[in-house]
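Protein chains: 2
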Amino acid sequence: MTLSEEDYIKAIYHLGKGENLTVSTNAVAEQMDTKPSSVTDMVKKLSDKGVVNYKPYKGVSLTGYGQKIALSLVRKHRLWEVFLVEKLDFSWDEVHEVAEQLEHIKSEKLIDQLDKHLGYPQVDPHGDPIPSKKGEFKKTIKKSLNEVPMGTSGICVGVKDSSPPFLKFLDKNKIALGDTILVLEKEEFDGSLYIRIKESKIHISNQIASNLYLKITA
Amino acid sequence: MTLSEEDYIKAIYHLGKGENLTVSTNAVAEQMDTKPSSVTDMVKKLSDKGVVNYKPYKGVSLTGYGQKIALSLVRKHRLWEVFLVEKLDFSWDEVHEVAEQLEHIKSEKLIDQLDKHLGYPQVDPHGDPIPSKKGEFKKTIKKSLNEVPMGTSGICVGVKDSSPPFLKFLDKNKIALGDTILVLEKEEFDGSLYIRIKESKIHISNQIASNLYLKITA
DNA sequence: ACTAATATTTAGTTTTGTCTAAATATTAGT
DNA sequence: ACTAATATTTAGACAAAACTAAATATTAGT
Chain A
441 MTLSEEDYIK AIYHLGKGEN LTVSTNAVAE QMDTKPSSVT DMVKKLSDKG VVNYKPYKGV
501 SLTGYGQKIA LSLVRKHRLW EVFLVEKLDF SWDEVHEVAE QLEHIKSEKL IDQLDKHLGY
561 PQVDPHGDPI PSKKGEFKKT IKKSLNEVPM GTSGICVGVK DSSPPFLKFL DKNKIALGDT
621 ILVLEKEEFD GSLYIRIKES KIHISNQIAS NLYLKITA
Chain B
441 MTLSEEDYIK AIYHLGKGEN LTVSTNAVAE QMDTKPSSVT DMVKKLSDKG VVNYKPYKGV
501 SLTGYGQKIA LSLVRKHRLW EVFLVEKLDF SWDEVHEVAE QLEHIKSEKL IDQLDKHLGY
561 PQVDPHGDPI PSKKGEFKKT IKKSLNEVPM GTSGICVGVK DSSPPFLKFL DKNKIALGDT
621 ILVLEKEEFD GSLYIRIKES KIHISNQIAS NLYLKITA
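Residue numbers (the numbering used here), protein chains in the order written: chain A, 441 to 658; chain B, 441 to 658.
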């Protein structure tokens with residue numbers, strides 16, 4: 441697969457939400473920041489190669505073979521993201537662009553060894569699952585902190601309210617996107633929560649909790 | 441710079457032995473496993489970009505700007521080689537192909553952090569020096585073990601005699617290409633040497649020593 | 001069901017990097 | 001210095017991946 445072909449495969453995979461939905465030429469064009477006519481050309485080529493199913497005017501979906509390739513790319517991308525954050529001190533939001541390049545490196549041994557070096561991580565810094573070598577992975581969902589059962593652990597991936605006071609609160613309490621949060625206990629009286637974040641235990645109000653989103657394995 | 445342009449720059453750099461010699465079109469073609477006419481085309485383009493000096497029929501050399509690019513590529517290549525060997529347990533001879541791909545990844549932060557993560561190594565697994573961010577590096581030379589001064593440390597990079605009995609000896613004594621060797625002391629009587637290799641101290645005859653090459657900083 | 005709006009494809013061009021074959025320049029041998 | 005061998009460049013073509021503009025198909029609104 442060429443670099444460009446791999447990019448198309450990934451775009452089709454992501455637009456298909458991992459469920460292999462049929463996606464439109466235009467959607468792919470928008471996702472890839474290119475023109476629909478370019479997509480038609482490439483999609484024909486990928487169809488000839490047995491990577492996608494394509495009927496003119498009827499959209500495109502990945503074949504089984506195409507899905508394998510897509511999962512392998514997602515695996516590589518997410519493993520590299522873990523590497524960048526864990527080993528090279530990149531922050532949550534700096535990794536994507538570099539991982540986008542690294543995912544195209546071709547070497548099976550490289551990825552096997554990287555996986556091992558990182559301790560076989562299950563999720564990337566955004567809380568998204570890392571497919572196994574065979575392409576298996578757990579689905580994850582996004583929930584606000586106050587709607588998950590006690591004992592749930594997940595990765596902080598977003599806020600509902602992004603007003604300056606709220607962001608200031610997060611900063612003061614050293615809560616950042618990408619942090620792993622463990623929900624310990626709920627105070628019955630006011631619905632406030634005790635949570636563990638980066639080795640320290642803190643107490644947050646129900647209102648704060650409802651504004652924080654966690655990504656957890658479904 | 442495109443991937444292909446970078447490959448040409450590296451080829452011209454290596455053929456120029458790092459001393460910026462003028463190299464022939466044919467030499468570049470052979471090095472890159474391509475045709476001389478393709479080289480002519482590319483070299484014209486690189487000349488327009490200010491990367492090389494080119495006079496038709498007179499060969500090509502890197503400009504100052506071109507040398508900077510070449511050194512940055514060499515730096516990236518060698519840092520990745522160290523990473524592959526030290527962190528991912530690749531062996532000495534498996535790293536080149538993968539590093540060849542990794543060296544094209546574009547991210548200054550990536551390389552800065554990788555350098556830091558590896559502890560600012562001075563040489564790669566083949567004993568070749570790693571240019572600093574500014575492009576400075578120490579020259580290295582290859583010498584047989586019995587012609588270096590006591591206290592010299594270097595990387596084992598080759599053998600003169602590659603007969604099966606000699607290779608068997610190396611294997612038995614756990615001496616492998618890529619190992620760091622420190623020459624401790626010479627026995628005056630027979631010229632045999634005491635050397636340190638991977639935490640263990642061993643004693644080798646002068647004949648063995650003369651068959652082993654070390655890469656040391658000049 | 002018909003038309004207008006939208007989506008998609010086709011046809012023809014461009015750019016990058018390569019190739020082959022032919023032309024031209026350089027070098028070496030006498 | 002001349003010719004033969006070799007090296008290099010030029011010209012023209014091709015494949016990949018993109019684009020623009022025009023043509024065609026689909027869909028939605030009435």
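Glycine residues also receive a C-beta, built at the ideal position from the N, C-alpha and C atoms.
Cutoff 8 Å; reference residue i; Cβ partners in own chain excluding five residues on either side
i: A:Tyr-448; result: Val-468, Met-472, Val-479, Met-482, Val-483, Leu-486
i: B:Val-588; result: Gly-594, Val-623, Leu-654, Ile-656
i: B:Thr-620; result: Ser-593, Gly-594, Ile-595, Cys-596, Ile-637, Lys-638
i: B:Glu-625; result: Met-590, Leu-633, Tyr-634
i: B:Val-463; result: Ile-452, Leu-455, Gly-456, Gly-499, Val-500, Ser-501
i: B:Ala-658; result: Lys-578, Lys-579, Thr-580, Ile-581
i: B:Ser-572; result: Arg-515
i: B:Val-525; result: Ser-531, Trp-532, Val-535, Pro-565, Gly-618
Close beta carbons around residue i, own chain, < 6 Å, minus the five adjacent residues each side
i: B:Glu-521; result: Val-535, Ala-539, Asp-564, Pro-565
i: B:Trp-659; result: Here chain B comprises residues numbered 441 to 658, so residue 659 of chain B is not present and cannot be evaluated.
i: B:Phe-609; result: none
i: A:Glu-543; result: Leu-513, Lys-516, His-517
i: A:Lys-457; result: none
i: B:Pro-476; result: Thr-465, Asn-466, Ala-469
i: B:Lys-574; result: none
i: B:Gly-631; result: Asn-646
Same chain, Cβ closer than 7 Å to residue i, five either side skipped, listed in chain order
i: A:Phe-606; result: Val-599, Asn-651
i: B:Tyr-497; result: none
i: A:Leu-519; result: Ile-551, Leu-554, Asp-555, Leu-558, Ile-570
i: A:Val-492; result: Ile-452, Val-483, Leu-486, Val-500, Ser-501, Leu-502, Thr-503, Gly-506
i: B:Val-523; result: The identity of residue 523 of chain B in the sequence shown is Phe, whereas the question assumes Val. For B:Phe-523, where only same-chain residues beyond five positions count, the Cβ hits under 7 Å are Leu-554, Leu-558.
i: B:Asn-613; result: Ile-642
i: B:Pro-561; result: Val-522, Ile-570
i: A:Ile-615; result: Cys-596, Ile-637
i: A:Gly-490; result: Thr-503, Tyr-505
Buried versus exposed, by CB contacts within 10 Å (16 or more), residue i
i: B:Pro-569; result: buried
i: A:Thr-465; result: buried
i: A:Tyr-453; result: buried
i: A:Ala-649; result: buried
i: B:Tyr-505; result: exposed
i: B:Ser-501; result: buried
i: A:Phe-629; result: exposed
i: B:Leu-528; result: buried
i: A:Leu-633; result: buried
i: B:Leu-585; result: buried
i: A:Gly-567; result: buried
i: A:Tyr-494; result: buried
Query raised in the report: Is it true that the stretch 628-646 of chain A meets the stretch 576-584 of chain A, where meeting means three or more beta-carbon pairs spaced less than 8 Å apart?
Result: no
Report task. Check whether the stretch 444-461 of chain B touches the stretch 504-519 of chain B, counting contact only when three or more Cβ pairs, one atom from each stretch, lie closer than 8 Å. Result -> yes
Query - Contact residues within the stretch 522-544 of chain B, judged by C-beta distance below 9 Å to chain A - result: Leu-524, Lys-527, Leu-528, Asp-529, Phe-530, Glu-534, Glu-537, Val-538, Gln-541, Leu-542, His-544
Requested in this report: Starting from the N-terminal side, write out each stretch of the beta strand (DSSP E) that is 3 residues or longer and does not extend beyond the stretch 466-495 of chain B.
Outcome: 492-494
Query raised in the report: Going along the chain, which residues of the stretch 442-453 of chain A sit with their C-beta nearer than 8 Å to a C-beta in chain B?
Result: none
Report task. Can you give me, in chain order, the residues of the stretch 492-518 of chain B that have a beta carbon less than 8 Å from any beta carbon in chain A? Result -> none
Requested in this report: Could you name each continuous alpha helix (DSSP H) segment of 4 residues or more that falls completely within the stretch 521-573 of chain A, going from the start of the chain to the end?
Outcome: 535-542, 548-557
**Report entry** Short-range partners of chain B found in the stretch 460-476 of chain A, where Cβ spacing is below 8 Å
**Finding:** Under the 8 Å Cβ criterion, the stretch 460-476 of chain A contributes no residue.
Query - Continuous beta strand (DSSP E) assignments of at least 3 residues falling wholly in the stretch 601-648 of chain A - result: Runs of the beta strand (DSSP E) lying entirely within the stretch 601-648 of chain A, each at least 3 residues long, are 620-626, 633-637, 640-644 in chain order.
Query raised in the report: Which full runs of the beta strand (DSSP E) of 3+ residues lie inside the stretch 576-602 of chain B, going along the chain?
Result: 580-584, 593-599
**Report entry** Members of the stretch 621-647 of chain B near chain A, C-beta cut-off 7 Å
**Finding:** none
Query raised in the report: Got a sec: which bits of the stretch 566-581 of chain A sit with their beta carbon under 7 Å from any beta carbon on chain B, in order along the chain?
Result: none
Query - Within 7 Å of chain A by C-beta, residues of the stretch 598-617 of chain B in sequence order - result: none
Query raised in the report: Which residues, taken in chain order from the stretch 552-567 of chain A, show a beta carbon closer than 7 Å to some beta carbon of chain B?
Result: Listed by position, the residues of the stretch 552-567 of chain A near chain B (Cβ gap below 7 Å) are Gln-553, Leu-554, His-557.
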